[in-house]
Amino acid sequence: MKGIYLINPHWQYGNKSKQECVQVQKQALETYIKDHNIFTVKLNQWQLNEYYTIPHALLYDLKQKKADLDVLLLYSEEVLEDFINSYPARWLILKSFFNEVVFADKKKENYFEGAG
1 MKGIYLINPH
11 WQYGNKSKQE
21 CVQVQKQALE
31 TYIKDHNIFT
41 VKLNQWQLNE
51 YYTIPHALLY
61 DLKQKKADLD
71 VLLLYSEEVL
81 EDFINSYPAR
91 WLILKSFFNE
101 VVFADKKKEN
111 YFEGAG
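First residue of the sequence shown: 1, per full-length UniProt numbering; consecutive thereafter.
Below you can see the structure in the form of structure tokens.
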């Protein structure tokens, strides 16, 4: 399975710093990628990270490359809430490049659903 993951460096929750929130997103997504044998794709050779941080840049690169991708990975819907609400049409276009959008925090909750 091929996919791309997106991390929002500006998203914060609770009293955690932005750096802590980025680390939480990164760890959850990388764990999900490893557990599900997802091959991450770099669309732009000048991309600094293995992941995207700007939805507009991801959309631009997707339009340029026309890549066949299975999954877009996000930590949670809340991470992209501002983008989704501000640019609903772009969000729909962005999602259309993937077979599915997966939220790693939801999957994490499912792992513990039967425990206890």
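Ideal Cβ positions, reconstructed from N, Cα and C, are used throughout, including at glycine.
Express the C-alpha separation of residue j and residue i in angstroms, rounding to a whole number.
i	j	result
Ile38	Leu48	20 angstroms
Lys18	His10	6 angstroms
Ile7	Tyr87	17 angstroms
Leu43	His56	13 angstroms
Tyr60	Glu81	19 angstroms
Apart from the five residues just before and just after residue i, which ones in its own chain have a Cβ nearer than 8 angstroms to its Cβ?
i	result
Ile84	Glu77, Trp91
Thr31	Ala104
Val24	Lys16, Tyr75
Below 8 angstroms on the Cβ atoms is my guess for residue i versus residue j; work out the distance and round it to an integer in Å.
i	j	result
Gly3	Val41	7 angstroms
Leu29	Tyr5	5 angstroms
Beta strand (DSSP E) containing residue i: first to last residue?
i	result
Tyr75	Taken as a continuous stretch (DSSP letters only), Tyr75 belongs to no beta strand (DSSP E), as it is neither H nor E.
Val102	98 to 103
Tyr5	2 to 6
So, for residue i: in the same chain, excluding its five sequence neighbours on each side, which residues have a beta-carbon less than 6 angstroms away from its beta-carbon?
i	result
Lys34	none
Leu62	Phe97
In the DSSP assignment, find the alpha helix (DSSP H) that holds residue i and state where it starts and stops.
i	result
Glu50	No alpha helix (DSSP H) contains Glu50, which DSSP labels as neither H nor E.
Asn15	Per DSSP, Asn15 belongs to no alpha helix (DSSP H) and is neither H nor E.
Asn85	81 to 86
Helix, strand or coil: how does DSSP classify residue i here?
i	result
Asp68	coil
Phe112	Confidence in Phe112 is poor, its pLDDT being 33 and thus under 50, which makes the residue's placement unreliable; the coordinate value appears in the next sentence. Note: Phe112 maps to coil in three-state DSSP.
Only counting the same chain, and skipping five residues up and downstream in sequence, which positions put a Cβ closer than 7 angstroms to that of residue i?
i	result
residue 137	Given a span of 1 to 116 for the chain in the structure shown, any question on residue 137 remains unanswerable.
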